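The structure under discussion appears below in the form of structure tokens.
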Amino acid sequence: MNIDKWIKQNAHNLDGQTIAITGSTGGIGKQVCKILASLNANLILLNRSMDSSNKQKEELLNVNPKIKIDILTIDMSDFNSVKNCIENLKKFDKIDTLILNSGAYAIHRKITDIGYDNVFQINFVSPYFLVKSLLQFLRKSKNPKVVLTSSIAHNYSKIDEKDIDFRTRKKSNKVYGNSKRFITFSLMELFKENSDIALSIVHPGITFTNITNHYPKLIYHIIKYPMKVIFISNKKACLNIIKGVFDKTDYMQWIGPSASNIWGYPKKKKLKTCTKEESQKIFEISENIYKKLKNL
Ligand SMILES: NC(=O)c1ccc[n+]([C@@H]2O[C@H](COP(=O)([O-])OP(=O)(O)OC[C@H]3O[C@@H](n4cnc5c(N)ncnc54)[C@H](OP(=O)(O)O)[C@@H]3O)[C@@H](O)[C@H]2O)c1
0 MNIDKWIKQN AHNLDGQTIA ITGSTGGIGK QVCKILASLN ANLILLNRSM
50 DSSNKQKEEL LNVNPKIKID ILTIDMSDFN SVKNCIENLK KFDKIDTLIL
100 NSGAYAIHRK ITDIGYDNVF QINFVSPYFL VKSLLQFLRK SKNPKVVLTS
150 SIAHNYSKID EKDIDFRTRK KSNKVYGNSK RFITFSLMEL FKENSDIALS
200 IVHPGITFTN ITNHYPKLIY HIIKYPMKVI FISNKKACLN IIKGVFDKTD
250 YMQWIGPSAS NIWGYPKKKK LKTCTKEESQ KIFEISENIY KKLKNL
């Protein structure tokens, strides 16, 4: 099967639907938006760079001039920016689907102004706060849904209650993995309690994007071409997010590439990488963080 045939079989017209997406300017996000635009969805692009969003808006209107595209800024490493974005999102009539796709991996580490490791804040604290703050608003849609772009890397780390944000850890795969573990299982538990809103947890597979831009220059250049040849294209990887938009995952399920979570077309599977006890612990910690931040 080719990609366009897969889209025809698995996606349908989204006329009248509004989809908000974080990280739309990245390798996977751009491909997701092109497909959603071609299916007539109205889009809200949530990015930190207004220039990149404006450029993307022009490109998407070339794909489909009939859709409405709004732009809001959000910097996931800046709590005030996240709070402002939430207030601006609540001004829309409704959002049918919220896609949490932004992410950072091997970036320069620092502690943010609200006291978390920046990778942990970008990949977990901010998206969790965003979703939790928007739960009631999302119910304005008849069929609300949240789609999370997770990662197989969530399985590289087990949580450590003495070092929740992994600030003492040096290895970027462990730090990134811990943040993805937190966002994956906190949402798994949150939507068990809020099952009137559908959740799709998806893994895009492995694909070469800007996420490896922050590797040391030599490593970046060594891996660039082999990665492009060995792994799937951004367009094929993004199909997992598209399947998430049209399907849903139940408790301890996710959608990922059929072959070893790396190659192939999207498939829904059981997620056996976390015990219920650890998942509930993650939720408890996440709720405590949310309560603390809500009062800031
Ligand atoms: N590529 C893979 O193999 C792979 C595998 C598993 C999971 N993922 C996940 O897929 C998602 C998309 O990543 P990608 O591979 O497409 O990488 P990418 O090209 O680097 O895109 C990442 C997106 O996140 C945005 N972002 C980064 N830091 C941000 C911040 N502080 N505030 C707001 N937005 C921020 C980026 O914005 P800018 O354009 O402004 O930088 C960009 O739009 C991520 O959640 C990633 O963890 C990727």
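With numbering that gives the first Met the number 0, letter number 69 in the sequence shown gets 68, and the count goes up by one each step, no holes.
Note that beta-carbon positions come from the ideal geometry of N, C-alpha and C, so glycine has one too.
This structure is a prediction, so every number in the text was calculated from the model and none was measured.
- Would you mind sorting proline 64 into buried or exposed? The rule is 16 or more other CB atoms within 10 Å of its CB. exposed
- Task: Below 6 Å CB to CB, which residues in the same chain sit around isoleucine 43 once its five sequence neighbours on both sides are set aside?
- Result: Ala19 and Asp69
- Task: Go to alanine 19, then tell me how far its beta strand (DSSP E) extends in each direction, as first and last residue.
- Result: 17-21
- Item | Distance CB(serine 185)-CB(lysine 173) smaller than 7 Å | no
- Item | aspartate 195 burial status per 10 Å Cβ neighbour count (16 or more: buried) | exposed
- If we call anything under 7 Å between Cβ atoms a contact, is aspartate 14 one with asparagine 41? no
- Task: Give the DSSP-derived three-state secondary structure of glycine 297 in the structure shown.
- Result: An answer regarding residue 297 cannot be provided, because it is not within the stretch 0 to 295 covered by the chain.
- Spatial neighbours of isoleucine 163 in its chain, beta-carbon cut-off 7 Å, leaving aside the 5 residues before and after: Ile284
- Any idea what DSSP makes of alanine 105, helix, strand or coil? coil
- Task: Go to serine 150, then tell me how far its alpha helix (DSSP H) extends in each direction, as first and last residue.
- Result: Segment: none, serine 150 is in no alpha helix (DSSP H) and carries neither H nor E.
- Of the residues Met251, Phe245 and Lys269, the one placed nearest glutamine 16, counting alpha carbons only: Phe245
- Report back the beta-carbon spacing between isoleucine 254 and lysine 242 to the nearest angstrom; my notes put them in contact at under 8 Å. 5 Å
- Message: What I want to know is whether the C-beta of methionine 75 ends up closer than 6 Å to one or more non-hydrogen atoms of ligand 1.
- Response: yes
- Query: Which whole-angstrom value is the C-beta distance of asparagine 46 and threonine 24, which I expect to be below 8 Å?
  - Reply: 5 Å
- Query: What runs of the alpha helix (DSSP H), each 4 residues or longer, lie entirely inside the region 233-280?
  - Reply: 233-245
- From Gln55, Ala36, Asp77 and Lys89, residue whose alpha carbon lies closest to that of isoleucine 66: Ala36
- Task: Taking only the alpha-carbon atoms, compute the straight-line gap between glycine 71 and isoleucine 27 and give it to the nearest angstrom.
- Result: Per the sequence presented here, residue 71 reads as leucine, with glycine not at that position. Cα to Cα, the separation comes out at about 19 Å.
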